[in-house]
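Here the structure is laid out as structure tokens; the discussion comes afterwards.
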Amino acid sequence: MVSDELITRADKVLMHTYNRFQIVLDSGEGVYLKDVNGKKYLDLAAGIAVFALGYGVKEYNDALKAQVDKLLHTSNLFYNEPAIKACEYITKMTGLDRVFMTNSGTEAIEGAIKLARKYYYVKNGKADSEIIAMNHSFHGRSMGALAVTGNESYRTPFGQLIGGVKFADYNNIDSVKALVNEKTCAIIMETVQGEGGLYPGNKEFIQGVRKLCDEKGIIMILDEIQCGMGRTGTMMAYEQYGVKPDIVTLAKALGCGVPVGAFVAKEEVANAMVPGDHGSTYGGNPFVAAAVNAVFDIFEKKKVLDNVNEVAPYLKERLIEVKAKHSDIVDVRGLGLMCGIEFNHPVGDIVKKAMEKGVIMISAGKNIVRLVPPLVITKSDVDKFISVLEEVI
Ligand SMILES: *Cc1c(COP(=O)(O)O)cnc(C)c1O
107 MVSDELITRA DKVLMHTYNR FQIVLDSGEG VYLKDVNGKK YLDLAAGIAV FALGYGVKEY
167 NDALKAQVDK LLHTSNLFYN EPAIKACEYI TKMTGLDRVF MTNSGTEAIE GAIKLARKYY
227 YVKNGKADSE IIAMNHSFHG RSMGALAVTG NESYRTPFGQ LIGGVKFADY NNIDSVKALV
287 NEKTCAIIME TVQGEGGLYP GNKEFIQGVR KLCDEKGIIM ILDEIQCGMG RTGTMMAYEQ
347 YGVKPDIVTL AKALGCGVPV GAFVAKEEVA NAMVPGDHGS TYGGNPFVAA AVNAVFDIFE
407 KKKVLDNVNE VAPYLKERLI EVKAKHSDIV DVRGLGLMCG IEFNHPVGDI VKKAMEKGVI
467 MISAGKNIVR LVPPLVITKS DVDKFISVLE EVI
């Protein structure tokens, strides 16, 4: 098979940082992917919550092609119109004031940490700030993002990371309060935990952290890299909690396949950064910005949010039916089209068998199946998925 030959070549030259599925993907259309052997898959992973619009969207592809022919890159020493427009879209969506565009989610987290630390430094004249992060969180793999990621096995082999980070329990406000002191500059967390097991924040907790931050002058950083951009049924998940963070991070579906992220802040906080404090050669170049603009245009035109709000309750309902029939499913949870199915055993086999039957889903941790489909998925796609899921269970 074509894929065997390619995988043999890949295993010689790629660094072995992933246990990859033995599939070589080749093309995509709508919510379906095709591999190099011509096999078709219904995709419930969307490149890890990236391809919100599905594959092969003409308007999106055309916008990118047009920008390639016009101008790809400028550096941030100059202005470019696509980036200005993208930042206008982003400020409108987030309700925040100033945007720094990055090349990935991890870099958005790095920027958010730097901004919170700088804000504290300007306010207190000291560089001894601390950050509170959450157990079971995931924020990325660089030394800064790793330092706030609540998974010890990801951190330990890499020695000293950035200091001054303490971990509280998600959805436990007392555990956060217990760690606050006069050096606390920021509390960072996902509004819905993704990689750590698909745990939505509960309302009292998210609002409690907001209140705590207000009382103590602490920066609230929400990481919406995975749960933002409409995935939960509102453009930002925090809209459903009636709070606004001081800094939010975005990536994944922001560019729908083009590497782009952003950290966005309230005016007063953003102003702590001055020329020379932060930069990026590529960040927000015209090419990625054109993609972001196309994404926002298509979200509006195709009423993507309406689709999420129609299909997500149906998916949840069908999953609850499946749970009722299978005692090895211990929990079904999530928000919008960001769902977890927790089993009382590892899910590796279930995921593998589903792929053999033409359904791509991924896991989050050992025992949890993670569903983060394109946001344009339909109810009949859900039916197809559910029948395969039942077969493989
Ligand atoms: C994926 C993810 C990141 C890291 O983003 P990259 O683009 O992989 O660097 C950070 N935070 C959350 C919540 C994520 O899901």
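Under our numbering, the first residue of the sequence shown is numbered 107, with each subsequent residue one higher.
Glycine residues also receive a C-beta, built at the ideal position from the N, C-alpha and C atoms.
- Excluding the 5 residues flanking it on each side, residue 422 has same chain C-beta neighbours closer than 8 Å at 438, 440 and 445, in chain order.
- In its chain, beyond the 5 residues on either side, 241 and 281 have a beta carbon closer than 6 Å to the beta carbon of residue 275.
- Judged by DSSP in its simplified three-state form, residue 184 adopts coil rather than helix or strand.
- For the pair residue 131 and residue 109, the Cα-to-Cα distance works out to about 9 Å.
- For ligand 1, a non-hydrogen atom lies closer than 6 Å to the CB of residue 357.
- Separation of residue 489 and residue 499 (C-alpha to C-alpha, rounded to the nearest whole angstrom) is 15 Å.
- Fewer than three beta-carbon pairs drawn from the segment 161-172 and the segment 327-339 are found closer than 8 Å, and the two stretches are therefore not classed as touching.
- In this structure, the beta-carbon distance from residue 294 to residue 354 does not fall below 7 Å.
- Using a cutoff of 6 Å, the CB of residue 109 does not count as near ligand 1, since none of the ligand's heavy atoms is closer than that.
- Under DSSP, residue 306 shares a beta bridge with 298.
- By the Cβ neighbour-count rule, residue 399 is buried, with 16 or more other Cβ atoms within 10 Å of its own.
- Put simply, of 269, 210 and 204 the residue whose alpha carbon is nearest the alpha carbon of residue 239 is 269.
- Separation of residue 331 and residue 436 (C-alpha to C-alpha, rounded to the nearest whole angstrom) is 27 Å.
- Inclusion of residue 296 in the 6 Å shell around ligand 1 follows from its C-beta lying nearer than that to a non-hydrogen atom of the ligand.
- In the DSSP assignment, residue 206 falls within the beta strand (DSSP E) that extends over 204-208.
- Excluding its 5 nearest sequence neighbours in each direction, residue 204 has C-beta neighbours in its own chain below 6 Å: 371 and 376, listed in chain order.
- Sorting 428, 190, 147 and 135 by C-alpha distance to the C-alpha of residue 164 places 135 at the top.
- Taking residue 129 as reference, the option from 123, 139, 283 and 122 with the minimal CA-CA separation is 139.
- At least one heavy atom of ligand 1 sits closer than 6 Å to the Cβ of residue 211.
- Between the segment 310-319 and the segment 478-493, the count of C-beta pairs closer than 8 Å stays below three; the two stretches do not touch.
- Shortest gap from the CB of residue 245 to any heavy atom of ligand 1: under 6 Å.
- In the three-state DSSP reduction, residue 177 falls in the coil class, being neither helix nor strand.
- As the crow flies, the alpha-carbon of residue 363 is around 6 Å from that of residue 157.
- When 358, 447 and 192 are compared, the shortest CA-CA separation from residue 210 is found for 358.
- Between the segment 410-430 and the segment 387-395 there are fewer than three C-beta pairs closer than 8 Å, too few to call the two in contact.
- CA-CA distance, residue 161 to residue 321, rounds to 45 Å.
- The beta carbon of residue 469 lies closer than 8 Å to those of 453, 454, 457, 475 and 476 in the same chain, with the five residues before and after it left out.
- In the structure shown, residue 135 falls within a strand segment according to DSSP collapsed to helix, strand and coil.
- The three-state reading of DSSP puts residue 281 in helix, counting H, G and I together.
- In terms of CA proximity to residue 420, 442 leads the group 442, 406 and 410.
- Residue 445 sits in a strand when the DSSP states are folded into three classes.
- Judged by the Cβ position, residue 464 fails to qualify as a neighbour of ligand 1 at the 6 Å threshold, every heavy atom of the ligand being at least this far.
- For residue 249, the enclosing alpha helix (DSSP H) has its first and last residue at 249-253.
- Under the 10 Å beta carbon count, residue 381 is surrounded by fewer than 16 other beta carbons and is classified as exposed.
- With a 10 Å radius around the Cβ and a threshold of 16 neighbouring Cβ atoms, residue 119 comes out exposed.
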